Ligand SMILES: [Fe+2]
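Residue numbers (our numbering): 563 to 1029.
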């Protein structure tokens, strides 16, 4: 969340007082859902369960704690009341107090019993918490803003030999889930440049520490999912420099950036890694947009790699492997292709129209596409600024891209990068949807940006109302 408005994970700015369209926000803020998210009706009650993101291990641990409390209270009662008689040899609360049965006054014991019960409950809660934390995948509240919780699997891939790694986790909203990637670059001095920190589980930190010393932390934009863990990383790696994109801390909903920030990219000062990693900031704010929005593109000169966050994506034929740790709706399992098609289309707010496979394959085909959410809800209100940024980024001689979601790395030339953004320049883009796929996004754009947004040339070619 950022700026004068809110940001949903797909980076949609939401002005204060405007309708919150995303079911993701509606769920998290307990507001009436006005969702246009195309959840499948056939999923039944499970989709409405607030526990979906909670692992079964966690629920089992809580159940054990409850049972333990129940039984221990019985034992405690027996200790406090000498006349306690278990019924039929059962332990726990199933029993009777002989003194009560005899009409004796035991009210004087109540405060003592209450205090003891509270102590036992607290001890059990601490034990359960300690048990949860013993798992290296434990994802503490705070930095972990979205399920799966309390356990989050982290995978690590060497994306560019000896130079760039991706550490991936899942972010999930009921049946809609996606991979999120923290990008790690090894600099010439052997130390690490870490962009878009993810949930700092022990597993994640161990996989990171194995690569070397963390020297720099970077927030690549204003999207919540790419900055929520920064404060925890800067606490853990207190010697690391911290550089953030502009537009942070402009909303009361923005997470803390931690104890120190060394600089804001593009607003003066030169980051110590600039000789190896160049950057170009895209930033817009009021009055053009309801809130602030930023995405910084980076260019790793040694490997000719463009490091991007959300703007350009490569849709893989198969689901990213880490998605299996969450499965379809919280139970670890491999996804079927149909489930993968659904997850991708739903995550991008595209309208399902009974042709998931064909629609998905059209999205896979280009070497890279622009995030449909950004294309239709952000860029129509800041088209000129976006076009200038795209043209500037395309001057770097990159050969491949590492993005914060979906497949990475993927081959992409500067010309292909511009092709993906053809809609900014009045041209055809690498992926062109049909109007029927844009019903949800049109509604979102109209609500978020106002009806004038639909007059943009980005929308002008799609007569959604007639589809
Ligand atoms: Fe993102």
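Ideal placement from N, C-alpha and C gives every residue a C-beta, glycine not left out.
Keep in mind it's a predicted model, so treat the numbers as computed, not measured.
Three-state class that DSSP yields for residue i in the structure shown
i, result
"residue 777", "strand"
"residue 923", "helix"
"residue 798", "helix"
"residue 963", "strand"
"residue 700", "strand"
"residue 941", "helix"
"residue 857", "strand"
"residue 893", "coil"
"residue 1016", "helix"
"residue 1010", "helix"
"residue 783", "strand"
"residue 812", "coil"
Residues bridged to residue i (per DSSP)
i, result
"residue 931", "875"
"residue 822", "Paired residue(s): none; residue 822 is not in a bridge."
"residue 973", "962"
"residue 706", "703"
"residue 788", "According to DSSP, residue 788 bridges with nothing at all."
First through last residue of the beta strand (DSSP E) which encompasses residue i
i, result
"residue 757", "754-757"
"residue 840", "839-846"
"residue 1019", "Taken as a continuous stretch (DSSP letters only), residue 1019 belongs to no beta strand (DSSP E), being part of the alpha helix (DSSP H) at 1019-1022."
"residue 732", "726-735"
"residue 743", "738-748"
"residue 718", "717-722"
Limits of the alpha helix (DSSP H) - the one that residue i falls within
i, result
"residue 805", "Segment 803-806 is the beta strand (DSSP E) holding residue 805; no alpha helix (DSSP H) there."
"residue 901", "899-909"
"residue 683", "672-695"
"residue 869", "Element bounds for residue 869: not the alpha helix (DSSP H) but the beta strand (DSSP E), 867-869."
Minimum C-alpha distance to residue i - residue among the options
i, options, result
"residue 712", "782, 696, 914 and 777", "696"
"residue 819", "828, 795, 830 and 832", "795"
"residue 742", "888, 984, 1022 and 950", "888"
"residue 856", "988, 863, 862 and 843", "843"
"residue 947", "870, 1009, 850 and 988", "850"
"residue 974", "785, 919 and 866", "866"
"residue 721", "883, 734, 993 and 745", "745"
"residue 953", "677, 831, 859 and 785", "859"
"residue 1012", "730, 911, 940 and 959", "940"
"residue 847", "799, 944, 1019 and 1007", "944"
"residue 872", "758, 691 and 718", "758"
"residue 971", "936, 769, 891 and 728", "728"
"residue 773", "788, 786 and 755", "755"
"residue 732", "815, 999 and 886", "886"
"residue 962", "863, 699 and 791", "863"
"residue 978", "988, 793 and 931", "931"
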